[in-house]
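Colleague: If you scroll down you'll find the structure; I have some questions about it.
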Amino acid sequence: MRFMLLFSRQGKLRLQKWYLATSDKERKKMVRELMQVVLARKPKMCSFLEWRDLKVVYKRYASLYFCCAIEGQDNELITLELIHRYVELLDKYFGSPGSQEQWAEEGVTLPSLRKMNQKA
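Okay, so the sequence shown: first residue is 1 according to full-length UniProt numbering, each after it adds one.
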């Protein structure tokens, strides 16, 4: 996995985790570009897409999009399952699905993501 983004339907970035060193300028450009692509897609479209030299796997939960960029040889379905389990973990920690907007404001999101990726 190259990176994971959480952003709202309005295009506000809530959380980002990068697994490869990337300059801030390039990160901002990539985030802006990818959010535009994902937000422009219709709800019934496939959750996988080719973008640059990566595959992007995303899923919308309530008002948040969870978006992962993976290498070409990585499995999209496993990544989708990882996203789903991460959402379940956060739901369990925060209680109700309606509190998803608070996830980015709490300190638990990145450490729990780090632990999940280590086990995967």
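Every residue gets a Cβ at the ideal spot worked out from N, C-alpha and C, and that includes glycine.
Only counting the same chain, and skipping five residues up and downstream in sequence, which positions put a Cβ closer than 6 Å to that of residue 137?
Modeller: Outside the modelled stretch of the chain, which goes from 1 to 120, sits residue 137, for which no answer is possible.
Colleague: Does the separation of the CB atoms of residue 181 and M4 fall below 7 Å?
Modeller: Since the first and last residues shown for the chain are 1 and 120, residue 181 lies out of range.
Colleague: Take the Cβ of A62 as the centre, count every other Cβ of all protein chains shown within 10 Å, and call the residue buried at 16 or more, exposed below.
Modeller: Indexing the sequence shown from 1 puts residue 62 at position 62. Classification for A62: exposed.
Colleague: With DSSP as the reference, identify every bridge partner of R56, one or two as the case may be.
Modeller: Here residue 56 refers to the residue found at position 56 when the sequence shown is read from its first residue. In the sequence as displayed, the identity of residue 56 is Val instead of Arg. V56 is bridged to L49, A69.
Colleague: Look at the alpha carbon of K12 and the alpha carbon of K55, and state the distance between them as a whole number of angstroms.
Modeller: Your numbering for residue 12 matches position 12 in the sequence shown. Your numbering for residue 55 matches position 55 in the sequence shown. Whole-angstrom Cα-Cα distance: 22 Å.
Colleague: Taking all protein chains shown into account, do 16 or more other C-beta atoms lie within 10 angstroms of the C-beta of L20, making it buried, or fewer, making it exposed?
Modeller: As a position in the sequence shown, residue 20 is number 20, starting the count at 1. Exposed, by the Cβ-count rule.
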